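Position 116 of the sequence shown, counting from 1, maps to 124 under the working numbering, and the rest follow consecutively.
One structure is given here, and the rest of the page talks about it.
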Amino acid sequence: MKVRSWLGSIKVKRFQLSEPTLKLIRSAIPYRHRLFLGIGCLFLAHLTKLCAPSILRRAVDALMADAMPAKLVRYGGLLILIAFIQALLLFAQRRTIMNVSMSVQYDLRNDYYAHLQKLPLQFFQRFRTGDLMARALNDLMAVRMLVGPALISALNAFFAAVLVLPLMMSLSWSLTLMAFSPMIFVVVLTQFFSKRLYKRSKAVQEHYSVVASCAQEALTGVRVTRAYRQEGANMANFERANRLLVQQNFKLIRLSAIFQPSVQFLIGLGAVLVFWYGSHLIIKGMMTIGQFVQFSLYLGYLVWPMIGLGLVMNQVQRSKVSMGRIHSILSVEPAIRDTERTRAIPEVAGEIEFCNLTFTHKTATAPSLEGINLRIAPGQTVAFVGRVGSGKTTLLNLVPRLINAAPGQVLIDGNPIDEIPLQTLRSSIGYVPQDSLLFSGAIAENIAFGVGQAAPEEIAGAALGAGIAEDIQGFPQGYETIIGERGVTLSGGQKQRIAIARALLRRPRILILDDALSSVDTCTEEKILGSLRQIARGCTSLIVSHRISTVMNADLIVVLDGGRIVEKGTHDQLLARNCIYTELYEKQCLEETLETV
């Protein structure tokens with residue numbers, strides 16, 4: 009009874025693959041045929057290689073028995089043929105397996121990038137850009153090394169052990185046991201170093217992300233750095249981060265430098281034992297010299313694959329860390345996505361309704377918007393004004409679902425916004441945020457961004473409507489002018505107008521301008537607004553601005569304060585009430601008067 013009780017208390021640990029490992033296996037499944045072909049070539053290469061020791065044994069024994077030279081030439085020809093066939097098979101296995109590793113890396117990088125596109129804005133506030141880039145480059149490179157070189161080394165060791173051990177046992181089981189007696193210590197060493205290699209590899213990958221983030225931020229903010237003469241401080245920060253990365257790499261190298269030579273020493277010790285005990289067997293007549301040569305060749309075939317296991321262990325731990333870091337991003341569920349509530353809606357007409365809307369940011373303790381009730385008819389131009397922090401941008405970000413409202417609080421054409429497919433919703437919206445981000449291509453490419461194929465006449469028409477056509481014609485290459493990263497060669501007003509042209513080219517049903525004219529002068533602003541009224545006719549327009557001149561001709565002006573609607577009406581109606589809007593208007597009039605003095 010006591011024995012049964014003791015047995016029942018033993019918990020058997022179930023073997024279960026981790027999610028990152030399963031993800032890697034699933035990524036390799038589409039290439040399983042090529043992978044199996046490569047493994048098959050490697051197996052055949054080992055089989056072919058094993059023919060050589062037997063031939064060499066016959067050649068040695070024949071030489072000891074005064075064989076004819078022609079017989080020895082035949083043995084030599086066979087060895088050359090075996091080496092040639094083996095070379096072809098090894099070439100085939102490396103070509104197929106390495107191609108599979110590159111394909112897996114390609115697919116994982118595409119999946120990683122596509123997943124980043126689906127994640128909400130809050131995610132990118134938590135993760136630094138340099139860190140995300142390091143995972144896409146350095147970590148995926150480590151994963152590729154696992155599927156490629158590390159897999160080949162592991163298979164080499166496995167096939168060598170499975171195929172060579174029986175042959176060695178057939179020659180002398182006692183000599184085989186003597187050769188592999190040090191392998192017990194290799195297993196112990198592997199267990200000892202495994203966790204430590206994992207920890208050091210994780211530290212290296214994390215510090216690589218720190219260095220990448222440091223470099224990315226310094227290069228992005230190079231203008232500010234030079235304006236404040238902080239080149240030395242930036243260099244010191246980068247040097248500090250780089251030094252820490254080197255130190256972590258040194259720690260990993262030191263650990264590997266102990267582990268790998270230790271494995272080689274134990275394997276070499278096995279070879280010494282074989283030489284000592286094999287000589288003893290030859291002297292006693294229990295083994296011929298040819299057999300000993302054959303056994304030694306078999307042992308030689310095992311030495312390099314076994315030494316390679318040390319490298320494999322190091323690579324496995326690094327890849328395990330890297331795949332875990334990639335999976336930590338892939339496992340983040342997009343907060344904003346199509347759900348089971350989503351249904352097919354062919355197009356958006358442009359009616360927008362906020363129903364008792366209350367919204368609180370995750371990092372905030374108080375609501376940013378509270379009790380918002382507003383209906384916007386299709387084709388209506390509605391402007392939102394208010395003090396800084398009143399919730400204007402937050403309200404507009406709810407329309408394209410850049411952030412998510414509670415179900416039923418935002419309606420488009422009478423449909424809850426979460427029931428409209430994201431593709432349908434966002435393809436119907438032209439959005440110009442406060443920070444107009446441009447890409448490093450040509451002006452024409454930036455205007456046509458998100459449209460696909462656009463005719464030059466359409467691009468020019470959108471530029472004309474945004475009031476940027478004349479500026480573009482003055483550039484050296486016109487619409488083909490390269491504007492640099494983030495539009496670094498353009499002024500703030502030019503960047504905003506190109507962003508407006510990008511939105512107009514989409515011919516959206518809903519146009520959102522979030523303080524999109526803040527960097528242009530009042531004269532240019534009047535021209536742009538005049539063009540917008542013509543081009544965006546029939547389009548529902550939502551405009552946020554701190555300038556009363558921008559919004560005074562809107563069909564409806566909504567005044568926000570403290571996240572609530574405190575006033576709404578036309579320009580004249582709001583002035584007549586003599587409340588917050590009147591205060592904002594008079595303040596701006598006074599500022600303009602002072603500027604002209």
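Yeah, the Cβ is synthetic: ideal placement off N, Cα and C, and Gly gets one too.
Everything numeric in this text was worked out from a predicted model, so none of it was measured.
Nearest C-alpha to Asp569 among Gly394, Tyr39, Val254, Lys370: Gly394.
As the crow flies, the alpha-carbon of Lys126 is around 16 Å from that of Leu116. Residue environment for Ala91: exposed (fewer than 16 other C-beta atoms within 10 angstroms of its C-beta). For Ala150, the closest alpha carbon among the candidates Ile380, Ser330, Val552 is that of Ser330. If you check the CB distance, Thr532 and Gly475 come in under 7 Å. Counting every other CB atom within 10 Å of its CB across the protein chains shown gives Thr373 a total below 16, marking it as exposed. In the DSSP assignment, Leu521 is bridged to Val440, Ile551. Separation of Gly449 and Thr489 (C-alpha to C-alpha, rounded to the nearest whole angstrom) is 8 Å. Ranked by Cα distance from Asp522, the options Ile47, Asp529, Ser549, His335 are led by Ser549. Across the structure, Leu260 and Val212 are spaced so that their CA atoms are roughly 8 Å apart. Scanning Asn242, Leu498, Gly358, Arg103 for the CA closest to the CA of Asn454 turns up Leu498. Residue burial annotation: Thr558 is buried, with at least 16 other C-beta atoms found within 10 angstroms of its C-beta. Sequence-distant partners of Thr198 (beyond 5 residues in either direction) whose C-beta falls short of 7 Å from its own C-beta, in its chain, are Met321. For Lys31, the uninterrupted alpha helix (DSSP H) run begins and ends at 27–36, by DSSP. For Asp529, there is no enclosing beta strand (DSSP E), as DSSP marks it with neither H nor E. The beta carbon of Gly387 sits closer than 7 Å to the beta carbons of Gly358, Gly546, Cys547, Thr548 from its chain, once the five residues preceding and following it are set aside; these are given in chain order. Out of Gly571, Pro128, Lys576, the CA that lies nearest to the CA of Glu341 is found in Pro128. Excluding five sequence positions before and after Gly316, the CB atoms of its chain that fall closer than 7 Å to its own CB belong to Ser161, Asn164, Ala165, given in chain order.
Per DSSP, reduced to three states, the secondary structure at Pro484 is coil, with no helix or strand assignment. Ala53 sits buried, since 16 or more C-beta atoms from the chains shown fall within 10 Å of its C-beta.
For the options Gly577, Leu179, Gly458, the alpha carbon positioned closest to that of Thr296 is the one of Leu179. Pro61 has its alpha-carbon roughly 23 Å from the corresponding atom of Ala100. Beta-bridge analysis with DSSP links Ala391 to Ile551, Ile565. Just measuring C-alpha positions, the residue of Phe303, Ile518, Glu27 sitting nearest Arg66 is Phe303. If the five residues before and after Ile467 are omitted, its C-beta is found closer than 7 Å to the C-beta atoms of Ala452, Ile455, Ala456, Tyr487, Leu513, all from its own chain and listed in chain order. For Arg545, there is no enclosing alpha helix (DSSP H), as DSSP marks it with neither H nor E.
Around the beta carbon of Met243, fewer than 16 other beta carbons sit within 10 angstroms, so the residue counts as exposed.
In the assembly as shown, Phe201 is a buried residue. Its beta-carbon has 16 or more other beta-carbons within 10 Å.
Looking from the CA of Leu171, the closest CA among Arg351, Pro424, Leu58, Ser436 belongs to Leu58. Between Ala223 and Gly138 the beta-carbon gap is near 7 Å, inside 8 Å, which marks them as a contact. Beta-bridge pairing by DSSP links Ala450 to Ile490.
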